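Engineer:
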Amino acid sequence: MKTLFSKLAALIITLFLVSALAFFAFALIPADPATTMLGSEATPEAVAALRAQLGLDRPLPVRYFEWLTGFLRGDLGESYLYRMEVGQMLSGKLAVSALLTMLSFLLTVALSIPLGVLAGSVRNRYLDAAAVGLNQLVMSVPPFFLGILACYGLGIVLKWFTPGAYVSPEKDFWGCVRYLIFPALSIAIPRSAMAVKLLRSAIRDQLGQDYVRTARSRGASEPSILLRQVLRNALLPVITFLAVSLAEIMTMSILIEQVFSIPGVGQLLLSSVSNRDYPVVLAIVMLLAAWIVTIHFLADLLSRLADPRVRLG
Amino acid sequence: MKKQILALFLAVGVLAGLLGGCREATPQNSTASSTNAPSSQAPQKAEIAVGIAQDLDDSLDPYQMTAAGTREVMFNVFEGLVKPDSQGNFVPAVAASYTVSTDGCTYTFPLREGVTFHNGKECTFEDVLYSFQTCAAVTVNSSVAAALSNVADIREEDGGVVITLTAPDPDFLSMAASVYIVPKDYDGQATAPVGTGPFRFVSRSIQENVILERFDGYYGAKPALERVTYRIFSDGNALFTALNSGALDLVAHLTVDQVESLTNGYQILEGTMNLVQAMYLNHAKEPFDNELVRQALCYAVDVDAMLALTADGHGAKVGSSMYPAFGKYFDPALADRYPHDVEKAKTLLAQAGYPNGFSFTLTVPSNYAPHVDTATVIVEQLKEVGVEAKLELVEWETWLSEVYAGRNFEATLVGFDASTLTASAMLARWVTGDGKNMIGYSNPDYDDAYAAARDPAHTEEEQTAYYRQCLEILSDTAANVYLQDLADFVAINPALTGYAFYPLYVMDMSTLSFQ
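In order, the protein sequence lines correspond to chains A and B. When the letters of the first sequence are read in order and numbered with this note's numbering, they come out as residues 659 to 971. When the letters of the second sequence are read in order and numbered with this note's numbering, they come out as residues 748 to 1262.
1) Comparing the C-beta of Ser850/A with each C-beta of chain B, is any distance below 8 angstroms?
2) DSSP beta-bridge partners for Gln1231/B?
3) Can you tell me whether Tyr1266/B is helix, strand or coil according to DSSP?
4) I need the boundaries of the beta strand (DSSP E) containing Glu1139/B, first residue and last residue.
5) Is there a Cβ from chain A that is less than 8 angstroms from the Cβ of Ser806/B?
6) Looking at Tyr1151/B and Ala1092/B, is the spacing between their C-beta atoms short of 8 angstroms?
7) Going by beta-carbon coordinates alone, are Val824/B and Leu959/B separated by less than 8 angstroms?
8) So the alpha helix (DSSP H) Asn984/B belongs to, where does it begin and stop?
9) Could you tell me the distance, in whole angstroms, from the CA atom of Gly1133/B to the CA atom of Gly1104/B?
10) Please say whether Ile907/A and Ser762/A have beta carbons closer to each other than 8 angstroms?
11) His1000/B by DSSP, collapsed to three states: which one?
12) Using a cut-off of 9 angstroms between C-beta atoms, extract the partners of Thr938/B located in chain A.
13) Here's a check: name, in chain order, each residue in its chain whose Cβ is nearer than 7 angstroms to the Cβ of Val1119/B, leaving out the five neighbours to either side.
14) Strictly below 7 angstroms CB to CB, what residues from chain B border Thr694/A?
15) Select from the segment 813 to 827 of chain A all residues with a C-beta closer than 8 angstroms to any C-beta belonging to chain B, and list them in chain order.
16) Taking only runs that begin and end inside the segment 879 to 917 of chain B, name each unbroken beta strand (DSSP E) of 3 or more residues, in chain order.
17) Does Pro841/A come out as helix, strand or coil in the three-state DSSP assignment?
18) Which residues does DSSP list as the beta-bridge partners of Pro839/B?
19) Quick check: what's the CA-CA separation for Asp802/B versus Arg818/B?
20) Taking Cβ-Cβ distances shorter than 8 angstroms, what residues in chain B pair up with Pro702/A?
21) Roughly how many angstroms lie between the CA atoms of Ala905/A and His954/A, to the nearest whole one?
22) Can you tell me where the beta strand (DSSP E) with Arg947/B in it begins and where it stops?
23) Tell me the rounded alpha-carbon separation between Gln1262/B and Thr1244/B.
24) I want to verify the contact list: residues of chain A whose CB lies under 8 angstroms from the CB of Phe962/B, in sequence order.
25) So, does the segment 1248 to 1255 of chain B touch the segment 819 to 839 of chain B, judging by three or more C-beta pairs under 8 angstroms?
26) Show which residues of chain A have a CB atom less than 9 angstroms away from the CB atom of Ala800/B.
27) Less than 8 angstroms between the beta carbons of Tyr966/B and Gly861/B, yes or no?
28) Starting from the beta carbon of Cys809/A, find every residue of chain B whose beta carbon is closer than 7 angstroms, and list them in chain order.
29) Since Leu926/A meets chain B, which of its residues come closer than 9 angstroms, beta carbon to beta carbon?
30) Considering only the beta carbon of each residue, do Thr820/A and Gly811/A sit closer than 8 angstroms?
31) Could you check whether Leu828/B and Gln936/B sit closer than 8 angstroms to each other, using their CB atoms as the reference points?
32) Just the C-alpha distance for Ile1186/B and Tyr1193/B, rounded to the nearest angstrom, thanks.
33) DSSP three-state call for Pro772/A: helix, strand or coil?
34) Exposed or buried, what is Ala893/A when buried is set at 16 or more other beta-carbons lying within 10 Å of its beta-carbon?
35) Using a C-beta to C-beta distance shorter than 8 angstroms, which residues of chain A count as neighbours of Thr813/B?
36) Against Asn933/A, what residues of chain B qualify as contacts under a CB-to-CB distance less than 8 angstroms, listed in chain order?
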């Protein structure tokens, strides 16, 4: 129990540090919202007036403290550019990114477990070498590159989908899912290659264990040994890996959104950074940080629960 | 044996899963091919999708919006008492007509009958008064604010608006076109704008789309299109892919390279961007304070060769701070004022005390490829005369704060456009001490000529002549290394007709229709 509390405390401190870092890092990069918003028609007077209107003329620590107290009350502030509540802006975007993350995750699981078992059970030396080689190759392809290939190959050439013809889930849920399958595959394929590698070696490891020999000597069929006993043991490290993947998939979708023009959190983050729209950037950074930290925390918890050797406090 | 069976079983399972995923995607297929071959199919609804490269990410309030991309879209929603047409003339809009008194101080705008706002309210004098007062108080456009501070009185007379100025202003009509008329007692403009234009604003979904619909209560000719969806693509490649796949009906501001790699059979229209691309030199920094050096750079640069290399020869040479669509002021002779002449450039550099050339940093915003391409060619051309330019690419936002507002640069390469349809929108910035004079240009002759052009005592012809004199001075003193007005390519669904280029950065949806 004590470890649990100290881990929770560490989680909160991490988030606090992330917020401070994100806030003050922006003070270091050039350009500010006022010059960005006014563009090349700006006069020094107009810039000064807009800075005052946005409250940018006040000292940084004061602004940070204001933001922090607002954040703790659940008030994310107002976007400098859109003049909208950040919370309101984010809610729609989150749904899209969450959908993409979930799809990518489901595809990762759906691809990695059967393929991993397949790779683990192949006995032919050449086939195995070929599978390992292919796996290694797929593993090292970055998702955004796969995404570009998918847009061109599956989109423009094969016309399985129309790149850029995204529909929002409120308008047409299944249409949206259909569109998101392709970016989700771009994320899931390299991710599942890693899981396959892990699962293959875990299965190999288990197949050499004494209990497998015992089972074989009792005359149990090979598929039943593999699925009933070996897989159960081999899946443990893979489950932790997949859980942590949930955090990484979210961050990967930022790049993928750009490639497939999906208006999710990632696109909003990138544009808000370049527009210096701090309230939006901070809200998204905190959201991503919270997601990553929480997933890691839960994965840790999960592995403790699943494996009695890793006892909880 | 059993292993093989298991393997086979698993492989089939995976394949089936994958194919299932693909089958799910098939319905998308049919829509893709139908949008891909638009000419083969009669459109059922007059709806189009327009691809734009930047989100309407500022306030949509007509007096607060700043981004050119936002103004380009909202041109369809808002109107002033008068509005520009594609020829650059001002035509009556909310006003039925206009007259100007002989002393140039009184403008009379009889209001058009039956003008209603998108929210159903009728447009009255009160709304016009409110619009002018609000605009004067809050506008972020400094030239409009300056023009409105000159308004002495706005009053109602015989169902019309009479505006009296303290001093005559030859640009007042174009400023009046910038004062969009909005309903009084409505405070949702920032997110749900309401105007009198041919299209009404329906919705904005951040970084996804902006939707406009035909306004059926419009007083003028009704647009043929019922609905226009502007789809936002913050990534240029994604925008191009979407265009090429047929997901979009219209995309403007394409480059030559993009046009050449387009394979979907769309019609390509060529216009100009209506901006002045130049290598802008900081006169506060050595050696650009020396006129001979600036002239030497002008001779050293070969604009024709640059156009041939970067844009297959598309684009128009400018020679001074005016673009060709402004026919009244543009002087084509200035475009050839400094023919490419390496020897002359070297001689001038030697006279200026730089026989071995010099080196400087050329800061260029990285977000806009044509400027970067041009800069790369210029850097090579300058090497021929011994001038070493170091290309430094910066983010657009950094450029705005460091180079534009901070004036912390030696030379930069960008394009300036006109925010209103006036000569002063291009030329006011080079007056000594002007807030927008980023290069610190200071020339008493120029200031005098500009003041004379603005002097209401002169006739319109005289004013035009003075503006042209301003342009000549800029060219003679080589204020900047003037390059070109970039070619603007529009790719359009071949079933659509009626696209009109404006001398301003706007896209008029009301003239488009399906054949």
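All C-beta atoms in this analysis are idealised placements derived from N, C-alpha and C, irrespective of residue type, glycine included. Since the model is a prediction, treat every value here as computed from it, not as a measurement.
Structural biologist: Answer, in terms of the structure:
1) Locating residue 850/A in the first sequence gives position 192, where the first residue counts as 1. Residue contact check for Ser850/A against chain B: no CB pair falls below 8 angstroms.
2) Taking the first residue of the second sequence as position 1, residue 1231/B is located at position 484. When beta bridges are read from the DSSP output, Gln1231/B appears opposite Gln1024/B, Lys1064/B.
3) Nothing can be reported for residue 1266/B: it is not among the residues displayed for chain B, which extend from 748 to 1262.
4) The sequence position of residue 1139/B within the second sequence is 392, counting from 1. According to the DSSP assignment, Glu1139/B belongs to the beta strand (DSSP E) that extends over 1135 to 1141.
5) Stepping through the second sequence from its first residue, residue 806/B is reached at position 59. So yes, Ser806/B belongs to the interface.
6) By 1-based counting over the second sequence, the position of residue 1092/B is 345. By 1-based counting over the second sequence, the position of residue 1151/B is 404. Contact flag unset, no.
7) Translated into positions along the second sequence, residue 824/B becomes position 77. Translated into positions along the second sequence, residue 959/B becomes position 212. Cβ distance < 8 angstroms, so Val824/B and Leu959/B count as in contact.
8) Translated into positions along the second sequence, residue 984/B becomes position 237. DSSP places Asn984/B in the uninterrupted alpha helix (DSSP H) bounded by 983 to 991.
9) Your numbering for residue 1133/B matches position 386 in the second sequence. Your numbering for residue 1104/B matches position 357 in the second sequence. Straight-line Cα distance between these residues: approximately 5 angstroms.
10) To locate residue 762/A, count along the first sequence from 1; it is residue 104. To locate residue 907/A, count along the first sequence from 1; it is residue 249. Against a cut-off of 8 angstroms, the Cβ pair of Ile907/A and Ser762/A comes out as a contact.
11) For this step, residue 1000/B is matched to residue 253 along the second sequence. Strand, per DSSP.
12) As a working mapping, residue 938/B is identified with position 191 in the second sequence. Ordered by position in chain A, the residues that pass the 9 angstroms Cβ test against Thr938/B are Tyr740, Arg741, Met742.
13) Locating residue 1119/B in the second sequence gives position 372, counting from the first residue. The residues are Val1111, Ser1113, Leu1140.
14) As a first step, residue 694/A must be located in the first sequence, where it is residue number 36. For Thr694/A, the residues of chain B that pass the 7 angstroms Cβ criterion are Glu1144, Leu1147, in the order they occur in the chain.
15) Gly813, Ile814, Lys817, Trp818, Phe819, Thr820, Pro821, Gly822, Ala823, Tyr824, Ser826
16) 898 to 904, 907 to 912
17) Taking the first residue of the first sequence as 1, we reach residue 841/A at position 183. Three-state result, Pro841/A: helix.
18) Residue 839/B sits at position 92 when you count from the first residue of the second sequence. DSSP output for Pro839/B lists Val829/B as bridge partner(s).
19) Position 55 of the second sequence, counted from the start, is the residue given in the question as residue 802/B. Position 71 of the second sequence, counted from the start, is the residue given in the question as residue 818/B. Cα-Cα distance, rounded: 12 angstroms.
20) Stepping through the first sequence from its first residue, residue 702/A is reached at position 44. Within chain B, the residues near Pro702/A are Ala1152, Gly1182.
21) Along the first sequence, one-based indexing puts residue 905/A at 247. Along the first sequence, one-based indexing puts residue 954/A at 296. Whole-angstrom Cα-Cα distance: 8 angstroms.
22) Mapped onto the second sequence, residue 947/B falls at position 200. Note, Arg947/B: beta strand (DSSP E), 946 to 952.
23) Numbered from its first residue, the second sequence carries residue 1262/B at position 515. Numbered from its first residue, the second sequence carries residue 1244/B at position 497. Straight-line Cα distance between these residues: approximately 7 angstroms.
24) The count along the second sequence starts at 1 and reaches residue 962/B at position 215. Ordered by position in chain A, no residue passes the 8 angstroms Cβ test against Phe962/B, which lies about 23 angstroms from the chain.
25) yes
26) For the purposes of this step, residue 800/B is taken as the residue at position 53 of the second sequence. Here the premise fails: no neighbours, minimum Cβ distance about 11 angstroms.
27) Here residue 966/B refers to the residue found at position 219 when the second sequence is read from its first residue. Here residue 861/B refers to the residue found at position 114 when the second sequence is read from its first residue. Against a cut-off of 8 angstroms, the Cβ pair of Gly861/B and Tyr966/B comes out as a contact.
28) On the first sequence, residue 809/A is found 151 positions in, with the first residue counted as 1. Within chain B, the residues near Cys809/A are Thr988.
29) The count along the first sequence starts at 1 and reaches residue 926/A at position 268. The contacting residues are Ile953, Gln954.
30) To locate residue 820/A, count along the first sequence from 1; it is residue 162. To locate residue 811/A, count along the first sequence from 1; it is residue 153. No, these two residues do not count as a Cβ contact at 8 angstroms.
31) In the second sequence, residue 936/B corresponds to position 189, counting from 1. In the second sequence, residue 828/B corresponds to position 81, counting from 1. Not a contact, by the Cβ cut-off of 8 angstroms.
32) Residue numbering aside, residue 1186/B sits at position 439 when the second sequence is read from its first letter. Residue numbering aside, residue 1193/B sits at position 446 when the second sequence is read from its first letter. So the two alpha carbons sit approximately 14 angstroms from each other.
33) As a working note, residue 772/A is residue 114 in the first sequence. Three-state DSSP puts Pro772/A in a helix.
34) Numbered from 1 along the first sequence, position 235 holds the residue referred to as residue 893/A. It should be noted that the sequence gives Leu, not Ala, for residue 893/A. Answer is buried; the Cβ neighbour count reaches 16.
35) Taking the second sequence and counting its residues from 1, one reaches residue 813/B at position 66. Ordered by position in chain A, the residues that pass the 8 angstroms Cβ test against Thr813/B are Met695, Leu696, Gly697, Glu699.
36) As a first step, residue 933/A is located in the first sequence; it is residue number 275 there, counting from the start. What Asn933/A touches in chain B: Asp804, Glu1144.
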